[in-house]
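Protein chains in written order, with UniProt numbering: chain D, 1 to 330; chain S, 1 to 335. Glycine included, each C-beta is placed from N, C-alpha and C at the ideal position. All values derive from a computational prediction rather than experimental measurement.
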Ligand SMILES: Nc1ncnc2c1ncn2[C@@H]1O[C@H](COP(=O)(O)OP(=O)(O)O)[C@@H](O)[C@H]1O
Ligand code: SF4
Ligand SMILES: [Mg+2]
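As structure tokens, this is what we get:
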């Protein structure tokens, strides 16, 4: 049975300039203990889709889905109070900016133990012991003493370790790591990533790794969801994705990887992810796609079958060659 | 911490001297002759007048008068009231508890109502409660105290007869002042009904005096909360599954408190100014009423001494507020 199942998730923000669709019919399935990645450029709706699942979006967000289940529980029909019993306990999340994600007014120890106080019956002494254990587990030296420091006394890497400790406190079944290394020094990035993957194995929890960096995905994850402009454009097992991407956007992301660059210059994808005011008519990727034709520019594509990575494309790639499926989807 | 304290104390010195000058000049710039006012209806003979001028030192040049005053201040002597002949300091501290009691009740009311109201408004931004509160705050802030007090008296004292109109306690009760705080003294006296009487006398003046601070605190809390609610650590707190009360009332509020505490510190001046009016309207025997009476009597020593003491209290409160910052947000303690 799958741990997390999302079908047709759509998030629309009410803005001063009318509604803006940040997440558009996204599907996602995660089984227990699995490591899945969501990859896409900044602005692709990766964070928003996961925040919607956690119930952390502001009230301006209008969330709809055909199905959103975690561990057999229906998140759509759950009261906020019931959901608060799950988040922070069975599913937890860490964020891109570890330094600003910790409250400057409270000690690290307080912020870790607070989770335990909320979700467990541990006594004060047991919470203290568990907090020390967690700090050790995430590789913070001198844990008992570090519990008494305030966040501003920690580096970015240390702050992210504290965030991870907090997220792990109640042994969650699923951890969502939203670009956990993006704000950190390059040398620290690998350490934090290794720590997360290590913990995923030892704790036997599922991990959703959100990243804009295909390179991070390569050696680590099992399955990849590629997201673009709020839509999931492809989903494949990682090796297949790297050897035979089916969506032109995936192919372009892979081509932009430094180790795949052939010339002296790194190929980049020209243009940016469309925002509220420049959403194209047909395929959302068409203004940037090298295979785009008139059909692409006018008609939104339909997802292909699983054999083509469910690619959301009129002309999914097969070994780099577009396969016209106009007739099929028309 | 200690050096911070010393530096702050040093900045007191010029402020303190400034206040001595201003308070000294303020009362002398008002037209009216204190000796004639003192003499009252009967008037005073020319000879006696000259004698009194000399006795009070008004024959000296003004800078000499100031230096004499300053010399006294340095020794802790603020002179004696022309009218009662008692030392200004003694009178001040005899009346100050009444003002303090009223001010403390008012600021507590303003904080206890204003902060939660501001938090709730911010969390429900744009909804009915928010709009109602902001409108109410605007009205409260701009309403003339005098008019507001009279309105309350007309409705609750004259109309409904719920509260007394003036004074600190009913004439039925009489007991020694132990602390000068009527709420405490009335309890200590053990007399039945004394405490209730003291409370009923306090209610209207407290509401009147608290209105402006309440409006200011509620608005400041709301805007500080609105800023903080978008912060990443608030999202973290929500992601932990904490209740809205903990997320908003603990994680967010603690961070929003700095600007709120700042305005509360600044409100002490507003409060004392408001106390002057409030005490006058409700015949509350505190320093506000005392100052007003003394200004009308041109009681130079009382006015200049009283102003100096009030200014000193405001300065001490502001220092306390600065020290509070470090306690609220440890990040500031470092700097
Ligand atoms: N609260 C919000 N109100 C309006 N638009 C938002 C809000 N949060 C995010 N967005 C928009 O949604 C889109 C997707 O954002 P996000 O999920 O953060 O992208 P990603 O995480 O993939 O970089 C962006 O265009 C962003 O501007
Ligand atoms: S539908 Fe057309 S434009 Fe869109 S990704 Fe496929 S080929 Fe490119
Ligand atoms: Mg993001």
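Alpha carbon of residue i to alpha carbon of residue j, nearest angstrom
i	j	result
residue 291 of chain D	residue 316 of chain D	10 angstroms
residue 309 of chain S	residue 23 of chain S	10 angstroms
residue 6 of chain S	residue 118 of chain D	43 angstroms
residue 291 of chain S	residue 163 of chain S	26 angstroms
residue 268 of chain D	residue 252 of chain D	8 angstroms
residue 248 of chain D	residue 135 of chain S	55 angstroms
residue 2 of chain D	residue 275 of chain D	33 angstroms
residue 288 of chain S	residue 21 of chain S	21 angstroms
residue 43 of chain S	residue 187 of chain S	47 angstroms
residue 271 of chain D	residue 236 of chain D	25 angstroms
residue 212 of chain D	residue 288 of chain D	17 angstroms
residue 56 of chain S	residue 326 of chain S	48 angstroms
residue 82 of chain D	residue 71 of chain D	14 angstroms
residue 314 of chain D	residue 229 of chain S	43 angstroms
residue 237 of chain S	residue 17 of chain S	49 angstroms
residue 9 of chain S	residue 320 of chain S	11 angstroms
residue 64 of chain S	residue 261 of chain S	42 angstroms
residue 29 of chain D	residue 7 of chain D	8 angstroms
residue 128 of chain D	residue 136 of chain D	13 angstroms
residue 298 of chain D	residue 281 of chain D	6 angstroms
residue 4 of chain D	residue 31 of chain D	7 angstroms
residue 335 of chain S	residue 226 of chain S	Any reading at residue 335 of chain S must be qualified, since the residue scores a pLDDT of 43, below 50, and its modelled position is unreliable; the value itself is stated next. Between residue 335 of chain S and residue 226 of chain S, the C-alpha separation is close to 26 angstroms.
residue 168 of chain D	residue 125 of chain D	18 angstroms
residue 316 of chain S	residue 122 of chain D	45 angstroms
Identity of the residues DSSP links to residue i by a beta bridge
i	result
residue 10 of chain D	D/64
residue 36 of chain D	D/208, D/223
residue 29 of chain D	D/5
residue 23 of chain D	D/11
residue 318 of chain D	D/321
residue 303 of chain D	D/312
residue 18 of chain D	D/15
residue 87 of chain S	S/80
Chain S within 8 angstroms of residue i, Cβ atoms only
i	result
residue 84 of chain D	yes
residue 87 of chain D	yes
residue 53 of chain D	no
residue 118 of chain D	yes
residue 101 of chain D	yes
residue 97 of chain D	yes
residue 180 of chain D	no
residue 92 of chain D	yes
residue 104 of chain D	yes
residue 56 of chain D	yes
Any C-beta of chain D under 8 angstroms from that of residue i
i	result
residue 226 of chain S	no
residue 232 of chain S	yes
residue 249 of chain S	no
residue 330 of chain S	yes
residue 121 of chain S	no
residue 235 of chain S	yes
residue 94 of chain S	no
residue 8 of chain S	no
residue 243 of chain S	yes
residue 219 of chain S	no
residue 80 of chain S	no
residue 239 of chain S	yes
residue 254 of chain S	yes
Proximal chain B residues relative to residue i, where beta-carbon distance stays under 7 angstroms
i	result
residue 49 of chain D	In the structure shown, chain B does not exist; the protein chains are D and S.
Are three or more beta carbon pairs between the stretch 271-281 of chain S and the stretch 203-218 of chain S nearer than 8 angstroms?
-> Touching, per the Cβ criterion.
Which full runs of the beta strand (DSSP E) of 3+ residues lie inside the stretch 57-126 of chain D, going along the chain?
-> Runs of the beta strand (DSSP E) spanning 3 or more residues and lying entirely within the stretch 57-126 of chain D occur at 61-64, 67-70, 91-94, in chain order.
Of all the alpha helix (DSSP H) runs that stay within the bounds of the stretch 138-190 of chain S, which reach a length of 4 or more residues?
-> Listed in chain order, they are 145-152, 182-189.
At which residue ranges does the stretch 167-212 of chain D contain complete alpha helix (DSSP H) runs of 4 or more residues, listed in the order of the chain?
-> Correct list: 186-203.
Three or more C-beta pairs closer than 8 angstroms, one from the stretch 24-35 of chain S and one from the stretch 292-305 of chain S: is that the case here?
-> The stretch 24-35 of chain S makes contact with the stretch 292-305 of chain S; the number of CB pairs closer than 8 angstroms reaches 3 or more.
Curious, which full-length beta strand (DSSP E) runs of at least 3 residues does the stretch 218-297 of chain D contain?
-> Correct list: 223-228, 231-237.
Within the chosen definition, does the stretch 187-197 of chain S reach the stretch 76-95 of chain S through at least 3 CB pairs nearer than 8 angstroms?
-> Judged by pairs of C-beta atoms under 8 angstroms, the stretch 187-197 of chain S does not touch the stretch 76-95 of chain S, as fewer than three such pairs exist.
Inter-stretch contact at 8 angstroms, needing at least 3 Cβ pairs: the stretch 220-236 of chain S / the stretch 100-109 of chain D = Contact between the stretch 220-236 of chain S and the stretch 100-109 of chain D is present, because at least three Cβ pairs lie under 8 angstroms.
Are at least three pairs of beta-carbons, each pair with one atom in the stretch 96-104 of chain S and one in the stretch 171-190 of chain S, less than 8 angstroms apart?
-> Verdict: yes, contact present.
With a cut-off of 8 angstroms, do at least 3 Cβ pairs link the stretch 158-173 of chain S to the stretch 255-271 of chain S?
-> Below 8 angstroms, too few C-beta pairs join the stretch 158-173 of chain S and the stretch 255-271 of chain S to call them touching: fewer than three.
Does the stretch 168-177 of chain D come within contact of the stretch 140-151 of chain D, defined as at least 3 CB pairs closer than 8 angstroms?
-> Fewer than three pairs of CB atoms, one per stretch, sit closer than 8 angstroms, so the stretch 168-177 of chain D makes no contact with the stretch 140-151 of chain D.
Would you be able to state if there are at least three C-beta pairs under 8 angstroms between the stretch 57-69 of chain D and the stretch 179-197 of chain D?
-> By the Cβ test, the stretch 179-197 of chain D is not in contact with the stretch 57-69 of chain D, since fewer than three Cβ pairs between them sit closer than 8 angstroms.
How do the stretch 240-248 of chain S and the stretch 54-63 of chain D stand: do at least 3 beta-carbon pairs fall below 8 angstroms, yes or no?
-> Counting Cβ pairs under 8 angstroms, fewer than three are found: no touch.
Answer yes if the stretch 220-239 of chain D comes into contact with the stretch 33-46 of chain D, meaning at least three C-beta pairs across the two stretches below 8 angstroms, and no otherwise.
-> Three or more pairs of CB atoms, one per stretch, sit closer than 8 angstroms, so the stretch 33-46 of chain D contacts the stretch 220-239 of chain D.
Identify every run of the alpha helix (DSSP H) within the stretch 225-290 of chain S, keeping only runs that are complete inside it and at least 4 residues long; order them along the chain.
-> When DSSP assignments are scanned along the stretch 225-290 of chain S, the uninterrupted stretches of alpha helix (DSSP H) that are 4 or more residues long and fall wholly within it turn out to be 232-239, 253-281.
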